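Before any comments, here is the structure.
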Amino acid sequence: MSKKEHEFELSVAKREIFGKKLNKIRKSGLIPANIYGEGFKSQAVSINQIAFHKTFKKAKETQVVYLKIDNSKDNIPVLIHNVQHHPIDNKVIHIDFRKVDLQKKIETEVPVKFIGESEAVSQKKGVFQTISDTLLVEALPDKIPSQIEVDISNLKEVNDQIQVKSLKISTDYVFKEDPEKTIVRITEHKEEEIAPQTEAPTTEVTEQKEEVVEGEVATEGKPEEKKAEEKPVSKEAEKPKDA
Numbered sequence: 290m291s292k293k294e295h296e297f298e299l300s301v302a303k304r305e306i307f308g309k310k311l312n313k314i315r316k317s318g319l320i321p322a323n324i325y326g327e328g329f330k331s332q333a334v335s336i337n338q339i340a341f342h343k344t345f346k347k348a349k350e351t352q353v354v355y356l357k358i359d360n361s362k363d364n365i366p367v368l369i370h371n372v373q374h375h376p377i378d379n380k381v382i383h384i385d386f387r388k389v390d391l392q393k394k395i396e397t398e399v400p401v402k403f404i405g406e407s408e409a410v411s412q413k414k415g416v417f418q419t420i421s422d423t424l425l426v427e428a429l430p431d432k433i434p435s436q437i438e439v440d441i442s443n444l445k446e447v448n449d450q451i452q453v454k455s456l457k458i459s460t461d462y463v464f465k466e467d468p469e470k471t472i473v474r475i476t477e478h479k480e481e482e483i484a485p486q487t488e489a490p491t492t493e494v495t496e497q498k499e500e501v502v503e504g505e506v507a508t509e510g511k512p513e514e515k516k517a518e519e520k521p522v523s524k525e526a527e528k529p530k531d532a
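The numbers in our numbering rise by one with no breaks, and the one at position 20 of the sequence shown is 309.
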């Protein structure tokens with residue numbers, strides 16, 4: 290097996306199947322995808338499901354991945370930009386690969402990773418509240434950090450917070466966020482409000498007339514029946530029949 294030229298490489302195949310027929314290639318273990326980017330003609334491709342998951346687990350959406358179309362010698366540098374999941378079983382059903390120019394800076398979202406321990410939380414003074422779990426940065430594609438580390442050890446009291454302006458400055462990337470943007474803060478414990486107990490309402494049982502179901506004809510109260518009810522019973526009818 291030849292040694293990889295880059296850390297993350299994937300082989301893809303040109304795809305000529307679209308629409309409802311895509312389920313057929315999904316069942317065969319492939320994922321439909323598109324490659325797009327500035328100055329690049331969009332290309333429909335498919336990729337092996339297992340190979341993609343193995344790479345995506347490490348590269349995420351921040352590391353450059355090099356694609357080979359139909360085992361071509363050319364490597365296309367891309368970022369995994371959009372991964373769509375099935376709403377029920379959460380399987381990956383489509384991927385967008387964003388072609389990048391390694392010489393041009395781009396903006397992209399990078400996940401935040403909290404490190405350290407907050408005294409306010411450990412001593413149960415307050416609750417840790419995450420305001421933003423990603424931050425927008427600008428960098429060359431191969432200089433994008435896999436994550437932004439935020440040290441929370443300075444959060445010691447309620448209302449302590451960390452803003453973008455408090456983060457370390459890097460020579461590889463710049464933040465494209467408002468410096469005053471809050472990333473995390475410590476908030477007060479909220480006591481559970483107990484609803485006042487109320488007496489259960491008593492139900493008064495009253496005699497009601499039989500309800501008439503919509504669509505049925507009410508028989509009670511018909512003139513004919515009322516007359517029948519009012520007709521006196523003959524004395525002969527009152528006599529018991531012989532056994």
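Glycine included, each C-beta is placed from N, C-alpha and C at the ideal position. Quick caveat, the model's predicted, so the values are computed rather than measured.
Problem set entry | Residues near P434 by beta carbon distance below 8 Å, same chain, minus five either side | These residues qualify, in order along the chain: T351, V399, V426, A428, S459, D461, Y462.
Exercise. Helix or strand or just coil, what does DSSP make of K303?
Worked result: Here DSSP, grouped into helix, strand and coil, assigns K303 to strand.
Exercise. Looking at C-beta atoms only, is the number of pairs between the segment 379–389 and the segment 407–415 that lie closer than 8 Å three or more?
Worked result: Short answer: they don't touch.
Exercise. Once you ignore the five residues that flank K511 on each side, which residues in its own chain have a CB closer than 8 Å to its CB?
Worked result: Interpretation of K511 is limited by its pLDDT of 45, a score under 50 that renders its predicted location unreliable; the figure taken from the coordinates is listed afterwards. So no residue of the chain qualifies.
Exercise. Is the Cβ-Cβ distance between Q440 and I475 less than 7 Å?
Worked result: Note that residue 440 corresponds to Asp in the displayed sequence, not to Gln. No; because the gap between Cβ atoms is not below 7 Å, this pair is not in contact.
Exercise. Over what stretch of residues does the beta strand (DSSP E) that includes N371 continue unbroken?
Worked result: From DSSP, the beta strand (DSSP E) with N371 extends over 365–374.
Problem set entry | Exposure label - G415; buried when at least 16 CB within 10 Å | With 16 or more other Cβ atoms within 10 Å, it is buried.
Exercise. Under the three-state reduction of DSSP, which class applies to V354: helix, strand or coil?
Worked result: DSSP places V354 in strand when its eight states are reduced to three.
Problem set entry | Enclosing alpha helix (DSSP H) for I314 [first to last residue] | Secondary structure note for I314: its alpha helix (DSSP H) is the uninterrupted segment 311–316.
Problem set entry | K479 classed as buried or exposed, judged by whether at least 16 other C-beta atoms fall within 10 angstroms | Per the 10 Å Cβ criterion, exposed.
Problem set entry | Coil, strand or helix - H383 by DSSP | H383 falls in the strand class under three-state DSSP.
For this session: Identify whether T460 lies in helix, strand or coil by the three-state DSSP scheme.
Result: The answer is coil: DSSP assigns T460 none of H, G, I, E or B.
Problem set entry | Member of I382, A322, D378 whose CA lies at the smallest distance from the CA of L543 | Outside the shown range of the chain (290 to 532) lies residue 543, about which nothing can therefore be said.
For this session: On a CA-only basis, which of K402, K432, N364 is nearest P396? Give me that one, please.
Result: Before going on, a small fix: residue 396 reads as Glu here, not Pro. Comparing Cα-Cα distances from E396 to each of K402, K432, N364, the minimum goes to K432.
Problem set entry | Beta-carbon contacts of Q392 that lie in its chain and below 8 Å, excluding the five residues immediately before and after | Scanning its chain for C-beta atoms nearer than 8 Å, with the 5 sequence neighbours on each side dropped, one finds around Q392 the residues L429, in chain order.
Problem set entry | C-alpha gap between V367 and E406, whole angstroms | Each residue's Cα considered, the two are about 36 Å apart.
For this session: Please say whether Q338 and G318 have beta carbons closer to each other than 7 Å?
Result: Yes; because the gap between Cβ atoms is below 7 Å, this pair is in contact.
Problem set entry | Where D359 falls: helix, strand or coil (DSSP) | D359 carries a coil assignment under DSSP once its states are collapsed to helix, strand and coil.
Exercise. How many angstroms separate the CA atom of H295 from the CA atom of E446?
Worked result: Cα to Cα, the separation comes out at about 46 Å.
For this session: Mark I437 as exposed unless 16 or more other C-beta atoms lie within 10 angstroms of its C-beta, in which case mark it buried.
Result: By the 10 Å Cβ count, I437 comes out buried.
Exercise. Three-state secondary structure (DSSP) at G308?
Worked result: Of the three classes helix, strand and coil, the one that applies to G308 here is helix, per DSSP.
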